[in-house]
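Working notes for the structure below.
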Amino acid sequence: MPNFFNRLFSKKEKVLSKGDLYDVQTEQIIKQVCKKDSNCVDAGCNIGDILKIILKYAPDGRHYAYEPIPDLFQQLQAKFGQYQNCHISDIALSDKKGTSSFNYVVSNPAYSGLIKRKYDKEGEVDTLIEVQTNLLDDILPKDYRVDLIKIDVEGGEFPLLRGAANTLKKYKPVVIFEHGTGASEFYGTRPEDLYHFLRDCGLEVYTLTKWLGKQPPLSVEELVSIFNTNEEWYFVASVKV
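Right, here's the structure in full:
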């Protein structure tokens, strides 16, 4: 009996943070969606953690990754350059083609984006750089079937999605995207507008948990409430599961 209690209390339970849970759920979704030859887009590739997962489950697909921060772009080229089916670009995806200022948070690159967002702590160091912008609809190869899109662009998800409207309507990919307070509102984005846009593209909106559990999609009122309370900030758009 003492051995049992020693084992019981010597092991500390690890409680996943929200971010860690999202990482686990994102991989679960990619695993369910992707076949070996599925094609994926990674917008806001950062250091390539999600791209690595995509290559794990869709090794024979053609994948396009976008990361406009020069240092991270170079790291991605070095890390994934040997993959002939993986195309890395330094374009910032949006709904306009051209050049734009880009808020590069040197002290915390994951906060970087086309528009400066709210920071969770004081003392972050940022600077403006110039980047090229383009629409996903215009830069993907013609007749490129997209099965999954992951979007983490610190509030710029709605402009990006507007620039991918034709792709969304044609292929109905599963879209894993960040959408939360502290970032999205700086782009003038309202959750109800994003919701109706995705519905017009033929996609429903889910939390990651609801999608994995094959539960009913969110209503517009539910999405607005979740956004305003910051209860969740990662979502899935897809045809009804």
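Residue 313 is where the sequence shown ends in our numbering, and the numbering goes up by one at each step. Note that beta-carbon positions come from the ideal geometry of N, C-alpha and C, so glycine has one too.
From ARG134, GLY228 and TRP305, residue whose alpha carbon lies closest to that of ASN157: It is ARG134.
Cα-Cα separation, LYS193 to ALA255: Spanning the two alpha carbons is a distance of roughly 14 Å.
Beta-carbon proximity of GLY91 to ASP224, cut-off 7 Å: One thing to note: GLY91 has its Cβ no nearer than 7 Å to the Cβ of ASP224.
Separation of LYS222 from VAL277, as counted between CA atoms: So the alpha carbons of these two residues sit roughly 14 Å apart.
Among THR253, LEU233, PHE258 and GLY252, the one whose alpha carbon lies nearest that of VAL246: Looking from the CA of VAL246, the closest CA among THR253, LEU233, PHE258 and GLY252 belongs to LEU233.
Every unbroken beta strand (DSSP E) inside the region 110–187 [3 residues or more]: You should have 112–115, 135–138, 158–161 and 170–177.
Residues sharing a beta bridge with ALA236, DSSP: Under DSSP, ALA236 shares a beta bridge with no residue.
Cα-Cα separation between LYS244 and ILE163, rounded to whole angstroms: One C-alpha to the other measures close to 23 Å.
Residue(s) in a DSSP beta bridge with THR98: DSSP lists no partner for THR98.
Close beta carbons around ARG189, own chain, < 7 Å, minus the five adjacent residues each side: So the list reads TYR183, GLU226, GLY227, GLY254, ALA255 and PHE258, once near-sequence residues are dropped.
Whole-number beta carbon distance between LEU220 and CYS112, since they are thought to touch under 8 Å: Rounded, the Cβ-Cβ distance is 5 Å, consistent with contact.
GLU276 (DSSP reduced to helix, strand or coil): In the structure shown, GLU276 sits in a strand (DSSP, three-state: E or B).
Coarse secondary structure for ASN300, derived from DSSP in three states: Residue state, collapsed to three classes: helix.
Burial state of LYS128 (16 or more Cβ within 10 Å): The residue in question, LYS128, is exposed, as its Cβ has fewer than 16 Cβ neighbours within 10 Å.
Exposed unless 16 or more other CB atoms sit within 10 angstroms - verdict on GLY235: Buried, by the Cβ-count rule.
Beta-carbon gap between ARG196 and SER179 smaller than 7 Å: At residue 196 the sequence reads Glu, which differs from the Arg that was named. Yes, the pair counts as a contact, with Cβ atoms nearer than the cut-off.
Option nearest ASP114 by Cα separation, candidates VAL218, PHE230, HIS251 and THR261: For the residues VAL218, PHE230, HIS251 and THR261, the minimum Cα distance to ASP114 belongs to VAL218.
Option in PRO140, THR239 and TYR94 with minimal Cα separation from SER161: Out of PRO140, THR239 and TYR94, PRO140 has the C-alpha closest to the C-alpha of SER161.
Reduced DSSP category for SER310 - H, G, I as helix; E, B as strand; rest coil: Correct three-state label for SER310: strand.
In DSSP terms, what LEU220 is bridged to: Beta-bridge pairing links LEU220 to CYS112 and VAL246.
DSSP bridge partner residues for VAL203 (one or two, in chain order): BP columns for VAL203 point to SER172.
ASN75 versus LEU88: straight-line alpha-carbon distance, rounded: The predicted model places ASN75 with a pLDDT of 48, which falls under 50 and marks its position as unreliable, so this point remains unresolved.
Paired residues, beta bridge with ASP198 - DSSP: Within the DSSP secondary-structure output, ASP198 pairs in a beta bridge with VAL177.
Cβ shell of ASP198 (< 6 Å), same chain only, five flanking positions each side left out: Taken in chain order, the residues that qualify are ASN175 and VAL177.
DSSP-derived helix/strand/coil call for TYR259: Judged by DSSP in its simplified three-state form, TYR259 adopts helix.
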